[in-house]
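Chains as they are written, first to last, in the working numbering: chain A, 4 to 171; chain B, 4 to 171. The beta carbon of each residue, even a glycine, is placed where N, CA and C say it ideally should be.
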């Protein structure tokens with residue numbers, strides 16, 4: 004929490020602050036995705052969560068690359084938004100109930116996490132453009148595309164699971 | 004937190020749980036939006052935050068209408084996701100720095116809140132369809148459209164503010 008009160012004098016300060024927020028968010032997800040995977044039952048959902056863990060590692064490396072280029076530390080901020088979303092996800096995943104309904108609840112929690120990241124990466128991608136850091140913008144756009152794709156995949160799986168949950 | 008461990012036996016249970024999550028999220032926003040508005044400087048942003056407060060009141064009424072029809076209480080769940088997002092927003096809004104950069108930070112926080120709601124309302128709208136509750140689905144779609152519109156409005160304002168923040 005060392006940088007909680009970092010002053011925001013320029014768009015570059017805000018860019019760094021937001022990147023640190025996303026770096027912490029991704030690292031929280033690396034811990035949370037295996038827990039959600041363990042609670043999930045549907046094979047498609049389990050595969051999607053496992054695959055998204057691999058993608059998350061790549062996204063973390065991209066952020067580390069940007070921080071290295073900027074000669075800044077990637078740590079220093081706790082992502083409170085992702086912390087709350089994961090807390091909700093863990094709560095849903097640990098409930099008693101019908102397995103297909105729990106799967107639907109896990110998807111709903113995972114989509115909240117994806118949307119948090121879509122908002123976050125959408126913002127830093129625009130900042131990178133404005134700061135004329137074309138290389139960073141391209142890397143951040145790549146992650147943004149992956150987050151949107153993950154949200155779409157979860158939607159597709161949800162359609163199957165929700166139909167089965169309706170019958171529960 | 005009375006229903007934190009409510010069992011999820013059917014899609015209807017999950018529907019109610021998710022609606023309660025959104026009800027708490029909207030009520031948290033009613034408290035938070037005036038604080039963000041007070042910290043904002045840009046007149047367009049201040050207007051957008053004020054207008055979204057009015058919209059939020061209407062969205063709360065819609066949820067109350069659905070709960071009333073279902074003969075269920077709207078309360079009983081703390082929305083941890085929105086709590087974390089608002090905590091971040093309050094932190095950003097209270098920083099020292101250039102006013103246009105603070106405005107950009109407030110927009111970024113508000114867009115995270117919008118995206119949380121886009122994910123949440125998108126989910127319950129689909130559940131309402133699956134549960135063949137056409138009337139609820141229409142109300143939830145209305146709110147979903149408003150959240151998407153609010154996100155778009157914030158994007159438009161961000162374009163002006165970020166250009167000014169770049170010069171800071």
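- At least one CB atom of chain A sits nearer than 8 Å to the CB of residue 99 of chain B.
- In the DSSP assignment, residue 100 of chain A is bridged to B:11.
- Contacts with chain A at 8 Å (Cβ-Cβ) include residue 16 of chain B.
- A direct Cα-Cα distance of roughly 12 Å separates residue 34 of chain B from residue 52 of chain B.
- Here residue 139 of chain A is buried, its C-beta having at least 16 other C-beta atoms within 10 Å.
- Residue state for residue 45 of chain B is assigned as coil, using DSSP reduced to three classes.
- When the five nearest sequence neighbours on each side are left out, the beta carbons in the same chain lying within less than 8 Å of the beta carbon of residue 21 of chain A are those of 123, 126, 127, 130, in order along the chain.
- With a threshold of 16 other beta carbon atoms within 10 Å, residue 71 of chain A falls short and is exposed.
- For the stretch 112-133 of chain B, the set of positions with a beta-carbon nearer than 8 Å to some beta-carbon of chain A reads 114, 115, 117, 118, 119, 121, 122, 123, 125, 126, 129, 130, 133 in chain order.
- Within the stretch 160-171 of chain A, the residues whose Cβ lies closer than 9 Å to any Cβ of chain B are, in chain order, 161, 162, 165, 166, 168, 169, 170, 171.
- The beta carbon of residue 43 of chain A lies closer than 8 Å to those of 49, 52, 96, 105, 106, 109 in the same chain, with the five residues before and after it left out.
- Residue-level contact by beta carbon fails for residue 49 of chain A and chain B, as no gap is shorter than 8 Å.
- Taken through DSSP and simplified to helix, strand or coil, residue 35 of chain A comes out as helix.
- A direct Cα-to-Cα measurement between residue 23 of chain A and residue 79 of chain A gives close to 7 Å.
- Across the stretch 71-92 of chain B, CB contacts with chain A closer than 8 Å involve 82, 83, 84, 85, 86, 87, 88, 90, 91, in sequence order along the chain.
- One Cα belongs to residue 166 of chain B, the other to residue 19 of chain A, and the distance between them is close to 17 Å.
- Just measuring C-alpha positions, the residue of A:85, A:98, A:74, A:101 sitting nearest residue 116 of chain B is A:85.
- DSSP places residue 141 of chain B within a helical segment (H, G or I) once states are collapsed to three.
- Taking 8 Å as the threshold, the shortest C-beta distance from residue 105 of chain B to chain A falls below it.
- Against residue 149 of chain B, chain A offers no close residue; the least beta-carbon distance is about 16 Å (beta-carbon pairs closer than 7 Å).
- The C-beta of residue 13 of chain A comes closer than 8 Å to at least one C-beta of chain B.
- In this structure residue 87 of chain B does not touch residue 112 of chain B by the C-beta definition: roughly 11 Å separates them, more than the 8 Å allowed.
- Looking at B:9, B:10, B:14, the one whose alpha-carbon comes closest to that of residue 136 of chain B is B:14.
- Residue 21 of chain B reaches chain A at 108, 111, counting residues in chain order whose Cβ is nearer than 9 Å.
- For residue 75 of chain A, the closest of A:82, A:66, A:81 by C-alpha to C-alpha distance is A:66.
- Excluding the 5 residues flanking it on each side, residue 168 of chain B has same chain C-beta neighbours closer than 6 Å at 103, 104, 107, in chain order.
- The Cβ of residue 42 of chain A sits no closer than 8 Å to any Cβ of chain B.
- Cβ-Cβ distances below 8 Å link residue 133 of chain A to 14 in the same chain, with the five nearest sequence neighbours on each side left out; the list follows chain order.
- Here residue 60 of chain A is exposed. Its C-beta has fewer than 16 other C-beta atoms within 10 Å.
- Distance from the CA of residue 41 of chain B to the CA of residue 155 of chain B, rounded to the nearest whole angstrom, comes to 22 Å.
- In the displayed model, residue 76 of chain B falls within coil according to three-state DSSP, outside both helix and strand.
- Rounded to the nearest whole angstrom, the C-alpha separation of residue 46 of chain B and residue 27 of chain B is 28 Å.
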